Structure formats: structure tokens, C-alpha cells
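Q: Residue numbers (this note's numbering): 10 to 370. Yeah, the Cβ is synthetic: ideal placement off N, Cα and C, and Gly gets one too. This structure is a prediction, so every number in the text was calculated from the model and none was measured.
1) Given a threshold of 16 other Cβ atoms within 10 Å of its Cβ, counted over all protein chains shown, does residue 337 qualify as buried or as exposed?
2) Would you say residue 150 and residue 163 are within 9 Å of each other, going by their C-beta atoms?
3) Could you spell out the range, first to last residue, of the beta strand (DSSP E) harbouring residue 77?
4) Do residue 358 and residue 65 count as a contact pair if the criterion is CB distance below 9 Å?
5) Please identify the residue among 278, 287 and 35 whose C-alpha is closest to the C-alpha of residue 235.
6) In chain order, what are the residue ranges of uninterrupted beta strand (DSSP E) at least 3 long that sit wholly in the stretch 209-275?
7) Helix, strand or coil for residue 139, going by three-state DSSP, please let me know.
8) Where DSSP assigns a beta bridge to residue 99, which residues make up the other side?
9) Out of 125, 156, 261 and 94, point me to the one whose CA is closest to residue 219's CA.
10) Per DSSP, residue 106 forms a beta bridge with which residues?
11) Under 9 Å, do residue 300 and residue 284 count as touching if we go by C-beta distance?
12) Taking only runs of the alpha helix (DSSP H) that begin and end inside the stretch 121-202, which ones reach a length of at least 4 residues, in chain order?
13) CB residue 107 to CB residue 180, shorter than 9 Å?
14) Would you decide whether residue 320 is buried or exposed? Buried here means 16 or more other CB atoms lie within 10 Å of its CB.
15) Residues in the same chain with beta-carbon distance under 8 Å from residue 48, minus the five sequence neighbours each way, listed in chain order, please.
16) Going by beta carbon distance, what residues of the same chain come within less than 6 Å of residue 128, once the five residues before and after it are set aside?
17) When the Cα atoms are used, what is the spatial distance from residue 92 to residue 223?
18) What are the start and end residues of the beta strand (DSSP E) that includes residue 92?
19) How many angstroms separate the CA atom of residue 237 from the CA atom of residue 270?
20) Using the Cα positions of residue 158 and residue 115, report the straight-line distance between them to the nearest angstrom.
21) For residue 301, which three-state DSSP category applies?
22) Helix, strand or coil, according to DSSP, for residue 324 in the structure here?
23) For my contact list, residue 101 and residue 204 are in at a C-beta cut-off of 8 Å; report their separation, rounded to the angstrom.
24) Cβ atoms of residue 112 and residue 221: under 9 Å apart, would you say?
25) Does residue 325 pass the burial test, meaning 16 or more other C-beta atoms within 10 Å, or should it be called exposed?
26) Given a cut-off of 9 Å on the beta-carbon distance, is the pair residue 298 and residue 252 in contact?
27) I'd like the span of the beta strand (DSSP E) that includes residue 115, first residue to last.
28) Span of the beta strand (DSSP E) holding residue 277?
29) When you compare only the Cα positions, how much space is there between residue 135 and residue 119?
30) By the three-class DSSP mapping on this structure, what secondary structure does residue 285 have?
31) Could you tell me which residues DSSP pairs with residue 358 in its beta bridges?
32) Taking 8 Å as the threshold, find out whether the stretch 285-295 comes into contact with the stretch 15-34 through three or more Cβ pairs.
33) Is it the case that the Cβ atoms of residue 232 and residue 192 are separated by a distance below 9 Å?
34) Should residue 340 and residue 316 be called a contact, given that it needs their Cβ atoms to be closer than 9 Å?
35) Tell me where the beta strand (DSSP E) around residue 371 begins and ends.
36) Using the beta-carbon count (16 or more within 10 Å), is residue 88 buried or exposed?
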């Protein structure tokens, strides 16, 4: 009995071990005939005959330093009313382009029209009083000259006439002011611009100092960047520098218009503003780069259309002994249609060129 018990116990221990060993062998392909033995890979050699290639070489290229920033509007216009009134209509929306003189906001003008009518009524009464005082003044002057009335009485008539004339002038000024205030119920664009923000709707109460719209001049944009103190010394106001706008994939020349004469003590940078050419594709807030020339250096570069991308992995086909061998490389900076290679290639090797540009990052 003890021997049988021992055999059963041994089988219970050995069976799982054997099962696990068989599974490991099966997963490793030990029971499949089409598995290539470890350390040997069958690959077809590709001939380099008739394939366009270029020699890898060290090339002297200009060195540039980058400073990043954002596109800003040189002239940002805040539209606010000069009178308190309810808004009747705002016929523009954010993103809309407007021309100088276009209507932006119309406010309720009924109260101001009533004030204008009252001012005109006051001036009519003042003119009537002045005319009456002028008539008395002419009469009393004649009587005074004939010594019919004393000087004191004529002085009263003269003072009343002058006061009436002054009242007319004040009334005219009140009418002019009422007309000007009535004109403020319509707000028009002061320049050709683009509406950036809209902060009010019809029915809202417009008050002096409350911004209703924000505009920016389309033809007056600049790139504002923070440049390191050391690099700022390379810049000269009035000179042109290359600017890249990533969102549009554009590269353009901008003129340096301002270097703020104050450095940030925390970041050790100086604010620099580059004037940009007029473009329909540029908007305030876009990310941009300023390329600052910093001399020349040697780079190992290849044409961009020699690169092959598989996800984030960059590769090239290298011509070696008349055949093509694919090799992983590490690309660096881009110089137009050429790319710097940081590792994976050596000067003198030849890489295959492909039609079009390298596909990938």
C-alpha cells in the first residue's frame, strides 16, 4: 500500500511539470517544421544596380538659434460706447473682417433724440428773449442819448440784452452737444480690421468704459518672442530674419521692429518683436519661431527623400558591395530639403534616393 501511495504522489507532482515543459516547447516552435533555426534569418539580397543614390558627406551649413513665441496684433482696438444706452443691434461676429466706417454697434437713440428736441426748444426760447432784449436795448439807447432816461436804467437794459445773448450761445452749445451724443449711438470701425471678440448682445446695456468688441488690424501683425540675452546681441533693428509658423507650415521673412530694452531677471531673456508680412493665414495667438543666424558648422546631411519612416523609426537603404542594406538612423535638424543625421551613417557611404520626399515626421 505504501508503494502505491508513493507512486500516486509522484505522479501528481510530475504531471504538472511535464505539462508545463510541453507547453514551453510548443510555444517555442519545437513541434513545427517551418521554424528557422535560431540565429539564422533568410532574407533576399536586393541589387543596387540602376538605383539612384547619393554619397553621404559633411557639409558646411548655416547655424541658427531658435526663439519661440506667438503672433500678436500691433494695433488691438477695444470698442466701447461713449453714451449709456441699450444695444439695438451688433451686425458683426467674431472672425468677421470689417472696413473702415462699417457699422459695428447701434444703440437705442430715443432718449438722446428727446434731449436734442428739448435743447432745440430751449434755444428757440432763448432767441426770443434775446430778440426782445435787443429791441429794448435799441429803444433805451435812443432815449439815453436824448437824456430822457438816466444812465442806471440804460445799464440794466444793456445787461439784460448781454445776458440774453449769452443764453443763446449756451443753448447753441447744448444743441451741438446733444447732436454729438446722438451720433455716438452708432459705433463704426475706425480702420480695416478683423473682429476678434464679441462681449455683448442686442438688449444689453452699453456703458462708457465697457468693451463691446475687440478688433485687430489685419495688416499689422508681429511675432513676439523671448530671446536669450546672449542671442539678442546678434539681432539688429531693421534687418530681416526668417520666421516659421508651424500651424501653417509657412516660412517667411520678417523685419525686426523692436527690442525691448529690459531683460527678464528670472528667465534671462529679452522680448523681441518681428514685423510680419500681410497674410490671410495669420492670426493672433499662433505659435511661431524666430531663426537667429549664428555662423556656420559642419553637418552630416542627406536628402530628405532618402529617409524611410516606419512609425517613429527612421531608416535608409545603404549601398554596400552592390547590394542594398536597410539601416536605422537618427535624424536631427532639417535644412530645407536636407536632414542632419546624428547616428547610423558615416561620410563616404551611399544612400538610395526615392521619388518624392521622405514620408514621416
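A: Judging by the given coordinates:
1) exposed
2) yes
3) 66-82
4) A Cβ-Cβ contact shorter than 9 Å links residue 65 with residue 358.
5) 278
6) 222-225, 230-237, 249-254 and 259-273
7) helix
8) The partner list for residue 99 (beta bridge, DSSP) is empty, contrary to what the question assumes.
9) Nearest C-alpha to residue 219: 94.
10) Assignment of beta-bridge partners to residue 106 by DSSP yields 203.
11) Residue 300 is not a Cβ neighbour of residue 284, given a cutoff of 9 Å.
12) 160-192
13) Taking 9 Å as the Cβ cut-off, residue 107 and residue 180 do not qualify as a contacting pair.
14) Using a 10 angstroms sphere on the CB of residue 320, the tally of other CB atoms stays under 16, which defines it as exposed.
15) Caution applies to residue 48, whose pLDDT of 45 falls short of 50 and renders its modelled position unreliable; the value that the coordinates give is listed next. Taking C-beta separations shorter than 8 Å and ignoring five residues to either side along the sequence, residue 48 has no partners in its chain.
16) 183, 184 and 187
17) 18 Å
18) Segment: none, residue 92 is in no beta strand (DSSP E) and carries neither H nor E.
19) Distance between the alpha carbons of residue 237 and residue 270: 13 Å.
20) 60 Å
21) strand
22) strand
23) Indeed they touch by this definition, with Cβ atoms about 5 Å apart.
24) No, they are not a contact pair.
25) By the neighbour-count rule (16 or more Cβ atoms within 10 Å), residue 325 is buried.
26) yes
27) 112-116
28) Careful: residue 277 lies outside any beta strand (DSSP E) and carries neither H nor E.
29) 24 Å
30) coil
31) Beta-bridge pairing links residue 358 to no other residue.
32) The stretch 285-295 is not in contact with the stretch 15-34.
33) no
34) yes
35) Residue numbering for the chain in the displayed model covers 10 to 370; residue 371 lies beyond these limits and cannot be assessed.
36) buried
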